[in-house]
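Trainee:
Residue numbers (the working numbering): 1 to 226.
(1) Any idea what DSSP makes of residue 93, helix, strand or coil?
(2) Can you give me the C-alpha to C-alpha distance between residue 26 and residue 109, rounded to a whole angstrom?
(3) Here's a check: name, in chain order, each residue in its chain whose Cβ is nearer than 7 Å to the Cβ of residue 73, leaving out the five neighbours to either side.
(4) From which residue to which residue does the alpha helix (DSSP H) around residue 126 run?
(5) How would you label residue 148, buried or exposed, when you count the other beta carbons within 10 angstroms and need 16 or more for buried?
(6) Leaving out five residues on either side along the sequence, give the residues of the same chain with a beta carbon under 7 Å from the beta carbon of residue 227.
(7) Does residue 128 pass the burial test, meaning 16 or more other C-beta atoms within 10 Å, or should it be called exposed?
(8) Using a Cβ-Cβ cut-off of 7 Å (strictly less than) and excluding sequence neighbours within five positions of residue 165, which residues of its own chain qualify?
(9) What is the rounded straight-line gap between the Cα of residue 204 and the Cα of residue 174?
(10) Per DSSP, what kind of secondary structure is residue 168 in: helix, strand or coil?
(11) Quick check: what's the CA-CA separation for residue 51 versus residue 79?
(12) Going straight from the alpha carbon of residue 137 to that of residue 120, what length do you get?
(13) Taking residue 207 as the reference, give the member of 96, 39, 135 with the closest Cα.
(14) Which same chain residues, not among the five before or five after residue 194, have their C-beta less than 6 Å away from its C-beta?
(15) Determine the contact status of residue 76 and residue 197, defining contact as a CB-CB distance below 8 Å.
(16) Over what stretch of residues does the alpha helix (DSSP H) that includes residue 81 continue unbroken?
(17) If you follow the alpha helix (DSSP H) that residue 200 is part of, which residue opens it and which one closes it?
(18) Looking only at its own chain, which residues have a Cβ that is under 8 Å from the Cβ of residue 155, when we skip the five neighbours before and after it?
(19) For residue 31, which of 202, 179, 82 has the nearest alpha-carbon?
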């Protein structure tokens with residue numbers, strides 16, 4: 001495999017990318033920052049494009065093998081839909097929050113259909129996570145593709161923490177963070193979020209190329225097994 005795709009290099013690249021996000025508040029005006037990291041800005045748009053590209057790559061690869069990539073592809077398209085706010089397009093609120101089902105005056109039939117869709121999406125996501133857990137138990141963590149995928153999951157958790165950080169500090173102390181810190185957090189949150197599908201794309205490429213000798217030690221790669 002190309003040495004550039006080794007996990008160590010991917011980790012270094014991700015760290016450098018994150019560090020480069022920090023100076024944005026000093027390089028852009030407040031108005032420019034608001035646009036760059038808004039729902040219509042380049043980071044959000046590119047994030048949706050990358051999720052869609054990941055979904056297509058998973059489905060194209062699944063034609064050859066393994067079938068496990070089909071739910072991964074579906075999950076990627078769900079990520080794309082979320083970036084485009086399609087999870088609120090019909091109902092006006094997130095279909096994954098109880099508020100829609102308990103508080104809104106929407107017809108019961110609509111809530112049932114939307115609820116079934118939400119459950120189906122959650123089932124796909126759970127299936128992908130369980131497949132990853134099984135791969136871990138079978139030693140996949142020795143392989144670059146799993147390390148890259150794990151990095152993506154860790155950064156996903158980090159974006160969730162960043163998303164709640166400002167409100168948490170306000171609720172805990174009664175004060176909002178200084179504006180510059182808020183801008184840095186926003187840049188990191190949106191910027192790191194955009195890198196998630198790219199990390200999964202790299203993991204997919206590593207997986208298909210057999211990143212380590214461990215991937216050839218089995219007749220069936222760990223991720224493909226049930």
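Positions of the beta carbon are idealized from the N, C-alpha and C atoms, including for glycine.
Mentor: Looking at the atomic coordinates:
(1) The residue you call residue 93 lines up with position 93 of the chain shown. Reduced to three states, the DSSP call for residue 93 is coil.
(2) Reading the chain shown from its first residue, position 26 is the one you call residue 26. Reading the chain shown from its first residue, position 109 is the one you call residue 109. Their backbone Cα atoms lie some 51 Å apart in a straight line.
(3) Counting from 1 along the chain shown, the entry for residue 73 is found at position 73. Closer than 7 Å at Cβ, skipping near neighbours: 55, 58, 59, 62.
(4) If you number the chain shown from 1, residue 126 lands on position 126. Segment 108–137, the alpha helix (DSSP H) holding residue 126.
(5) Taking the first residue of the chain shown as position 1, residue 148 is located at position 148. By the 16-neighbour rule on beta-carbons within 10 angstroms, residue 148 is buried.
(6) With the chain running from 1 to 226 in the structure shown, residue 227 is simply not present.
(7) Looking up residue 128 in the chain shown gives position 128. Buried, since its Cβ has 16 or more Cβ neighbours within 10 Å.
(8) Your numbering for residue 165 matches position 165 in the chain shown. Counting only Cβ-Cβ distances below 7 Å, and skipping sequence neighbours, we find 185.
(9) Here residue 204 refers to the residue found at position 204 of the chain shown. Here residue 174 refers to the residue found at position 174 of the chain shown. Their Cα atoms are separated by approximately 44 Å.
(10) Taking the chain shown and counting its residues from 1, the one referred to as residue 168 is at position 168. Correct three-state label for residue 168: helix.
(11) Taking the chain shown and counting its residues from 1, one reaches residue 51 at position 51. Taking the chain shown and counting its residues from 1, one reaches residue 79 at position 79. Cα-Cα distance, rounded: 6 Å.
(12) The count along the chain shown starts at 1 and reaches residue 137 at position 137. The count along the chain shown starts at 1 and reaches residue 120 at position 120. About 26 Å.
(13) Residue numbering aside, residue 207 sits at position 207 when the chain shown is read from its first letter. 135 is the residue among 96, 39, 135 whose C-alpha sits nearest the C-alpha of residue 207.
(14) Locating residue 194 in the chain shown gives position 194, counting from the first residue. Closer than 6 Å at Cβ, skipping near neighbours: 43, 46, 47.
(15) Looking up residue 76 in the chain shown gives position 76. Looking up residue 197 in the chain shown gives position 197. In contact: residue 76 and residue 197 (Cβ atoms closer than 8 Å).
(16) On the chain shown, position 81 is the one that residue 81 refers to. It spans 69–83 - the alpha helix (DSSP H) in which residue 81 sits, taken as one unbroken run.
(17) By one-based count along the chain shown, residue 200 stands at place 200. For residue 200, the uninterrupted alpha helix (DSSP H) run begins and ends at 179–209, by DSSP.
(18) As a first step, residue 155 must be located in the chain shown, where it is residue number 155. Setting aside the 5 residues that flank it on each side, residue 155 is surrounded in the same chain by 14, 192, 195, 196, 199, each with a C-beta closer than 8 Å to its C-beta; the list follows chain order.
(19) Within the chain shown, residue 31 is the residue found at index 31, counting from 1. Nearest in C-alpha terms to residue 31, of all of 202, 179, 82, is 179.
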